[in-house]
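To start, the structure under review is shown below, and the notes come after it.
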Amino acid sequence: MTDSSTKLMLRALAGETLDRPPFWFMRQAGRYLAEYRETRRQAPNFLAFCHTPDLAVEVTLQPLRRYGFDAAILFSDILVVPDALGQTVEFREGEGPVLEPVRSAGDLDRLSADRTIGHMAPIFETVGRLSREIPQTTALIGFAGSPWTVATYMVEGRGSKDYQAIRTWAYADPETFGRLIDLLVEATSAYVIEQVRHGAEIIQLFDTWAGVLPEAEFRRWVIDANARIVANLRAACPGVPVIGFPRGAGLLYEDFVRETGVDGVSLDATVPVQWASDVLQPLCTVQGNLDNMLLLVGGPAMEHAVTRILDVLGRGPFIFNLGHGILPPTPPENVARVVEMIMERG
Ligand code: CP3
1391 MTDSSTKLML RALAGETLDR PPFWFMRQAG RYLAEYRETR RQAPNFLAFC
1441 HTPDLAVEVT LQPLRRYGFD AAILFSDILV VPDALGQTVE FREGEGPVLE
1491 PVRSAGDLDR LSADRTIGHM APIFETVGRL SREIPQTTAL IGFAGSPWTV
1541 ATYMVEGRGS KDYQAIRTWA YADPETFGRL IDLLVEATSA YVIEQVRHGA
1591 EIIQLFDTWA GVLPEAEFRR WVIDANARIV ANLRAACPGV PVIGFPRGAG
1641 LLYEDFVRET GVDGVSLDAT VPVQWASDVL QPLCTVQGNL DNMLLLVGGP
1691 AMEHAVTRIL DVLGRGPFIF NLGHGILPPT PPENVARVVE MIMERG
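For the sequence shown, the working numbering begins at 1391 and goes up steadily by one.
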């Protein structure tokens, strides 16, 4: 057992305000790094890449070597869960994920949570190896997609602009649609619990498309579903901090935090930092929220935003991060500059 007091991530998530906030970046492993592109070539497809521990461990460690992030995030994807449930999932080059859509009770009957944990054994091996290989002061983050966001890919069959198929289903027949969400709550809870058993010290739940829902549906499919996973994880693994990321939640970030019981909330770049400091930081640790496009642009625009975030959110329990994942054309030296600015604080 490592001493949690040496890990800034765990101290921040326990509610401590630190001189120098811990930092990690969403999608810190990825195509903006030449060494990632090189390793990526060794797998025939992206799912195979996620299921090959040698490669997944290597790309998880790459950004730590460059930047000394305070957290490593397991290299995987949110869509390994529908794959494990028995849905056909494919990542096509230049096209992103393509799934055989699930749109009816009959489609749901073909999915099963029974074999998910066995199917994901290589991912748990990756978690175990990472927990032994990362530096002592680095925390290991496990993650999953939240039910609503994973369901958007499962129902639409790909990334979407208007979420017509899933919203039509969820609004018109919430009972049947609720069976999909229930299945995802069950499979996702088991998945993150197993990650913790293999060495994950923090769990982040990505609800990337939470912001497309009106209030009532947000409460039902985002807040309630995340709350059930948090409760299941707490019951099985007491004391493991959870970070929620209900991207685009706007004013509903506050109720999300109050009602899910998360230890930390990751903010998208549109959230005003003074509001987050006044309203959210008294409730939990805040993570965020540099615009990923400012990281890409760099220079004074980026530096001004970093300073403002550090000045305002640094007064409370805080983890520096982006508002959304690093974009592939981001110059690696811009990441280095942000890290330098954070390290100057302490
Ligand atoms: O953050 C990390 O470094 C860990 C790895 C990670 C990936 N995906 C690797 C990945 C994490 C945490 C994710 C989460 C994820 N995946 C989300 C939620 C967070 C977010 O960014 O919104 C979502 C919505 C997905 C679904 C997904 N995966 C899409 C839409 C795509 C295609 C678009 C793209 O960027 O290519 C992926 C593929 C994917 N997941 C890549 C990586 C590094 C790129 C694939 C490749 O290298 O060929």
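Just so you know, even glycine gets a beta-carbon here, dropped at the ideal spot from N, CA and C.
Of the residues 1547, 1494, 1499, 1407, the one placed nearest residue 1469, counting alpha carbons only | The residue labelled residue 1469 in the question sits at position 79 within the sequence shown. The residue from 1547, 1494, 1499, 1407 with its alpha-carbon nearest to that of residue 1469 is 1547.
| residue 1587: beta carbon under 7 Å from a heavy atom of the ligand CP3? | Within the sequence shown, residue 1587 is the residue found at index 197, counting from 1. Relative to the ligand CP3, even the nearest heavy atom lies 7 Å or more away from the CB of residue 1587.
Name the residue from 1464, 1549, 1462 whose alpha carbon lies nearest to the alpha carbon of residue 1482.
Walking along the sequence shown from the start, residue 1482 turns up at place 92. For residue 1482, the closest alpha carbon among the candidates 1464, 1549, 1462 is that of 1549.
Inset, instruction - Drop a sphere of 10 angstroms on the beta-carbon of residue 1511, count the other beta-carbons inside from all chains shown, and report buried for 16 or more, exposed for fewer. - result: In the sequence shown, counting from the first residue as 1, residue 1511 sits at position 121. A residue is called buried when at least 16 other Cβ atoms come within 10 angstroms of its Cβ; residue 1511 does not meet this threshold and is exposed.
List the endpoints of the continuous beta strand (DSSP E) containing residue 1616.
Residue mapping note: residue 1616 aligns to position 226 of the sequence shown, counting from 1. Bounds of any beta strand (DSSP E) do not take in residue 1616; it lies within the alpha helix (DSSP H) bounded by 1614 to 1626.
Q: Return yes when the Cβ of residue 1545 is within less than 8 Å of the Cβ of residue 1479, no when it is not.
A: Within the sequence shown, the letter at position 89 stands for residue 1479. Within the sequence shown, the letter at position 155 stands for residue 1545. No.
Residue range of the beta strand (DSSP E) that residue 1534 falls in?
Position 144 of the sequence shown, counted from the first residue, corresponds to residue 1534. Start and end: 1529 to 1535.
ask   = Would the beta-carbon of residue 1452 be found less than 7 Å away from any heavy atom of the ligand CP3?
value = Numbered from 1 along the sequence shown, position 62 holds the residue referred to as residue 1452. No, the Cβ of residue 1452 stays beyond 7 Å of every heavy atom of the ligand CP3.
ask   = Are the CB atoms of residue 1704 and residue 1658 nearer to each other than 8 Å?
value = Counting from one through the sequence shown, the residue named residue 1704 turns up at place 314. Counting from one through the sequence shown, the residue named residue 1658 turns up at place 268. No, these two residues do not count as a Cβ contact at 8 Å.
For residue 1691, tell me which candidate among 1722, 1728, 1661, 1671 has the shortest Cα-Cα distance.
Here the question's residue 1691 lines up with position 301 in the sequence shown. Of all alpha-carbon atoms in 1722, 1728, 1661, 1671, the one lying nearest the alpha-carbon of residue 1691 is that of 1728.
request  = Evaluate the contact criterion for the stretch 1442 to 1459 versus the stretch 1502 to 1511: three or more CB pairs, one atom per stretch, below 8 Å.
outcome  = With a cut-off of 8 Å, the stretch 1502 to 1511 and the stretch 1442 to 1459 do not count as touching, because too few Cβ pairs lie within range.
Query raised in the report: Can you give the beta carbon distance from residue 1667 to residue 1630, rounded, assuming they're within the 8 Å contact cut?
Result: Taking the first residue of the sequence shown as position 1, residue 1667 is located at position 277. Taking the first residue of the sequence shown as position 1, residue 1630 is located at position 240. The beta-carbon distance between residue 1667 and residue 1630, rounded to whole angstroms, is 26 Å. This is too long to meet the 8 Å contact definition.
Problem - Rounded C-alpha distance that separates residue 1465 from residue 1717 - result: Position 75 of the sequence shown, counted from the first residue, corresponds to residue 1465. Position 327 of the sequence shown, counted from the first residue, corresponds to residue 1717. Rounded to the nearest angstrom, the two C-alpha atoms are 16 Å apart.
| Can you tell which of 1646, 1624, 1626, 1523 has the C-alpha that lies nearest to the C-alpha of residue 1634? | Taking the first residue of the sequence shown as 1, we reach residue 1634 at position 244. Of 1646, 1624, 1626, 1523, the residue nearest in Cα terms is 1646.
Compare the beta carbon distance of residue 1581 and residue 1516 with 8 Å and say whether it is the shorter of the two. Reading the sequence shown from its first residue, position 191 is the one you call residue 1581. Reading the sequence shown from its first residue, position 126 is the one you call residue 1516. It is not a contact, given that the beta carbons lie outside the stated cut-off.
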